[in-house]
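Below is one structure, written out as structure tokens; comments come after it.
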Amino acid sequence: MIKNIAVLLAVAGLLMIFLPVISGFQERDNLNELAADYVDGSINDLGTPNVVTSVIVTYRGLDTLGEVTVLFLATVGVGLLLKGNREDMIKISPLELLETTSSVLVALIMVLGIYIFTHGHLTPGGGFQGGVVIASGFLLLMLSKVNAKISHSIMNFVESFSGVAYVGIGIAGIVLTIGFLNPGILPLGQFGDLFSAGAIPVIYSLIGLKVGSELTSILVTMRGE
Amino acid sequence: MIPVIIIGLGVIMLAAAVAAIYFKSLLASIISAGVISLLASVIYLILGSPDVAMTEASIGSGLTTVIFLFALHRVRKGKSDD
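Just so you know, the protein sequences line up as chains S and L, in that order. Numbered according to the numbering used here, the first sequence spans residues 1 to 225. Numbered according to the numbering used here, the second sequence spans residues 1 to 82.
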């Protein structure tokens, strides 16, 4: 009884907080000053058709570095806590249909993942999305081929290489241009080309490799090695 | 038309969220939580943010569901040993 009243009071309190926000909401018909500046700068200064990517990689690049660091710490934590022994491995015998189609599908999924992160500056998506798609390709491999071994050392190498290269590009931005993670260290190129927008595709590809290898190692650890 | 679709998806999401609490089987709860993320990604797509929609669909409904399933499998295995 008291529990129910407490729940009702909590819901009423939330309503009190959100009601002014909802009633005062008005749809804007123009961008605010900061957003307009980002949209303008993304097209003119960075040569990036996808504004979201230019915000994530350049304008809020330090936040993205922090995000990648958080993901890295999560991976290390999972690996430390669930240091699997071999008998503990989750084995689900796959159906024949899954086993047969997976050999075609895994390659296609990997190509899609690589496409998503290399074209992050042109089309929706980018490093994080592409990395998760690659990890899901590895997941399909794990589910369909029970004995498939995914090498920890290769994953660790890809992960640390892309992390070091990411920070290295950031520091190169300090030396060669005006600031940390500035993509101006490479030429802008033709607007809309794959090799354009300075270092943005390079940075996003490194993030894609890093996220993909980290999430794959989380999945490998969860399954048991 | 678009507000109707969004409200419809929102109602289904709420129903799935409540169902996830009340389902007897944990497997059904995990699937139900995955459905919430999938519908949220459809709403993001309708509202015009494909980047967030891709993240939500791949991480929220794909990877998180799988990690929950792995964890559930491990917890069950631990129980049967007692």
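Idealized CB from N, CA, C, for every residue including glycine.
Boundaries of the alpha helix (DSSP H) around L81 (chain S): 61-81. Under the 7 Å criterion on CB atoms, P124 (chain S) is classed as interfacial with respect to chain L. The C-beta distance from A197 (chain S) to L46 (chain S) rounds to 6 Å, short enough to meet the 8 Å contact threshold. Going by C-alpha positions, I171 (chain S) is about 23 Å away from V51 (chain S). Under the three-state reduction of DSSP, N156 (chain S) is assigned to helix. Taking C-alpha positions only, A17 (chain L) is separated from D40 (chain S) by approximately 40 Å. Taking a 10 Å sphere around the C-beta of S103 (chain S), we find fewer than 16 other C-beta atoms and assign the residue as exposed.
Within the region 30-63 of chain L, no run of beta strand (DSSP E) reaches 3 residues while sitting entirely inside it.
Excluding the 5 residues flanking it on each side, I31 (chain L) has same chain C-beta neighbours closer than 8 Å at T65, in chain order. Annotated three-state conformation of V146 (chain S) is coil, per DSSP. Taking CB atoms only, I59 (chain L) has a neighbour in chain S less than 7 Å away. Along the region 4-33 of chain S, none of the residues has a CB nearer than 9 Å to a CB of chain L.
Counting C-beta atoms within 10 angstroms of its own C-beta, Y22 (chain L) has fewer than 16 neighbours from the protein chains shown and is therefore classed as exposed.
Take the alpha-carbon of I109 (chain S) and the one of Q129 (chain S): they are about 12 Å apart.
Under the three-state reduction of DSSP output, R28 (chain S) falls in the coil class, being neither helix nor strand. The beta carbon of V106 (chain S) does not come within 7 Å of any beta carbon belonging to chain L, so the residue lies off that interface. Cβ neighbours of A148 (chain S) within its own chain (closer than 8 Å, five residues either side excluded): L141, M142.
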